[in-house]
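First comes the structure, then the notes that go with it.
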Amino acid sequence: MNTPVYPVRWQNDRVLLIDQNRLPNEYTYVEIDLVEDMAEAISTMIVRGAPAIGVAAAYGMYLGAKEIKTTDRDEFLAQLTEIGKTLRATRPTAVNLFWAIDRMEATALQCAGSVAAIIPQLLVAAQQINSDDIATCQAIGAHGVAVLPSSPAKLCLLTHCNAGALATAGYGTALGVVRSAWTQGRLARLYADETRPRLQGAKLTSWECVQEGIPVTVIADSMAAHCMRQGLIDAVVVGADRIAANGDTANKIGTYSLALVAKAHNVPFFVAAPRSTIDFSLHDGSGIPIEERHPSELYQIGETIVCPPGVEFYNPAFDVTPANLIQAIITEFGAFPPAEIIDLKNR
Numbered sequence: 174m175n176t177p178v179y180p181v182r183w184q185n186d187r188v189l190l191i192d193q194n195r196l197p198n199e200y201t202y203v204e205i206d207l208v209e210d211m212a213e214a215i216s217t218m219i220v221r222g223a224p225a226i227g228v229a230a231a232y233g234m235y236l237g238a239k240e241i242k243t244t245d246r247d248e249f250l251a252q253l254t255e256i257g258k259t260l261r262a263t264r265p266t267a268v269n270l271f272w273a274i275d276r277m278e279a280t281a282l283q284c285a286g287s288v289a290a291i292i293p294q295l296l297v298a299a300q301q302i303n304s305d306d307i308a309t310c311q312a313i314g315a316h317g318v319a320v321l322p323s324s325p326a327k328l329c330l331l332t333h334c335n336a337g338a339l340a341t342a343g344y345g346t347a348l349g350v351v352r353s354a355w356t357q358g359r360l361a362r363l364y365a366d367e368t369r370p371r372l373q374g375a376k377l378t379s380w381e382c383v384q385e386g387i388p389v390t391v392i393a394d395s396m397a398a399h400c401m402r403q404g405l406i407d408a409v410v411v412g413a414d415r416i417a418a419n420g421d422t423a424n425k426i427g428t429y430s431l432a433l434v435a436k437a438h439n440v441p442f443f444v445a446a447p448r449s450t451i452d453f454s455l456h457d458g459s460g461i462p463i464e465e466r467h468p469s470e471l472y473q474i475g476e477t478i479v480c481p482p483g484v485e486f487y488n489p490a491f492d493v494t495p496a497n498l499i500q501a502i503i504t505e506f507g508a509f510p511p512a513e514i515i516d517l518k519n520r
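Just so we're aligned, residue 174 is where the sequence shown starts under this note's numbering, counting upward by one.
This is the structure in structure tokens:
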């Protein structure tokens, strides 16, 4: 398959989500036409990746609005706020979720007229969020290539988790930089961390690369230091789920240790994310909420239990990488040292 991947699509008055829990073995869609089903799809990671979650939540707000049975504007807005609360509770770390819901609620408030006039405007807003994200990712890709090391001529990049088309509306953030490097002849190979415990790198990033013929090598998360010491990695590019105003970045668990390893080996470490991922209300990363997921992700692989009874588990889904380990944050507006992203606040 050499066609673009769109994990969230609007078609025939419903949302089609690529079921990412079934990849890479099955490429199937889940049809969503109720807001409660969208909330479940987000929480169970049928759809995942901060920008993709935001797009899905925007459509969820529209689907929920259609279900509201009142013509009273104030009552409609109150119920829409409750729908937003339900969606906000699904994944606490990904700030794009909250950003998209805020934008949908603002659209409803700003739309003059009846409930009947508001509802179609919510669909327009969700579709705009969808299309904007694709354009944003393409811009991130272009800016990212521009700040990658100038030598060697063809680079070997390392990424963690999946920040590709599957994690966005299409094209990707970190993997968008990889895609752009590939199309411009700057990429020799992508190394993809397997990304325990859910294996998004092994399952999803590698799947995307195979679809497009991008050379990809999957490594265990614990192999990154060895690969860097062997000179196999020229730069690291990762995505983000929330970035504080000072540049501290929350991303998939294991990103922090990867950044430390990169620093120790003098390998530049980049974060690629849209401006909507920056939470300017947080001074630093200490305020970023970290989602903790069910321990079965650790003790079970498929149907196989890999730990003995009686073991305790700790399964945070994200960690926070301090800004001083990040060379630049690549956005649709350009690449910035972490200390300068505050300049994007009014963009």
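Where is the CB? At the ideal position from N, CA and C, for every residue including glycine.
One Cα belongs to Gly386, the other to Thr176, and the distance between them is close to 12 angstroms. DSSP assignment within the segment 247–321 yields the following whole alpha helix (DSSP H) runs of 4 residues or more, N-terminal first: 268–283, 288–320.
Judged by their CB atoms, Gln294 and Thr280 are nearer to each other than the 8 angstroms cut-off. Within the model, the alpha-carbon separation for Gly475 versus Gln384 is close to 24 angstroms.
Note on the segment 181–257: whole beta strand (DSSP E) runs with a minimum of 3 residues are 181–184, 187–191, 202–205, in chain order. Listed in chain order, the non-local C-beta contacts of Asp186 below 6 angstroms within the same chain number zero, local neighbours out to five positions each way being set aside. Between the C-alpha atoms of Lys425 and Ala445 there is a straight-line separation of about 13 angstroms. Residue pairing of Glu465 in beta bridges, as defined by DSSP: Pro489. Minimum Cα-Cα distance from Leu433 among the listed residues Thr494, Gly483, Gln373 corresponds to Thr494. In the DSSP assignment, Leu372 falls outside any alpha helix (DSSP H), carrying neither H nor E. Ranked by how close their Cα comes to the Cα of Pro441, the residues Met396, Ile502, Ser449 have Ile502 in first place. Per DSSP, reduced to three states, the secondary structure at Ile503 is strand. Between the segment 215–227 and the segment 178–196 there are three or more inter-stretch CB-CB distances shorter than 8 angstroms, so the stretches are counted as touching. Exposure of Ala285 is indicated by the presence of fewer than 16 other C-beta atoms within 10 angstroms of its C-beta. In this structure, Pro468 is the residue among Gln184, Pro468, Met234 with its C-alpha nearest to the C-alpha of Pro370.
Excluding the 5 residues flanking it on each side, Thr244 has same chain C-beta neighbours closer than 6 angstroms at Val288, in chain order. When the beta-carbon positions are compared, Phe443 and Gly345 stay at least 8 angstroms from each other. When the Cα atoms are used, Ala397 and Asp366 turn out to be separated by approximately 8 angstroms.
Val479 sits exposed, since fewer than 16 C-beta atoms from the chains shown fall within 10 Å of its C-beta. Remark: C-beta atoms of Pro447 and Thr266 do not approach each other more closely than 8 angstroms. Ile274 sits away from Val208, with the two beta carbons spaced by 8 angstroms or more. Look at the beta carbons and you see the segment 318–329 not touching the segment 454–465: under three pairs across the two are nearer than 8 angstroms.
With three or more CB-CB distances shorter than 8 angstroms, the segment 337–352 counts as touching the segment 411–418.
If you look at Arg362, you'll find it in the beta strand (DSSP E) that goes 360–366. Taking C-beta separations shorter than 8 angstroms and ignoring five residues to either side along the sequence, the partners of Ala231 in its chain run Ala273, Ile274, Arg276, Met277, Ala298, Ala299, Ile302, Asn303, following chain order.
Judged by DSSP in its simplified three-state form, Cys480 adopts coil rather than helix or strand.
Non-local C-beta neighbours of Ala361 in its own chain, meaning closer than 8 angstroms and more than five positions away in sequence, comprise Pro325, Lys327, Leu328, Cys329, Pro388, ordered along the chain.
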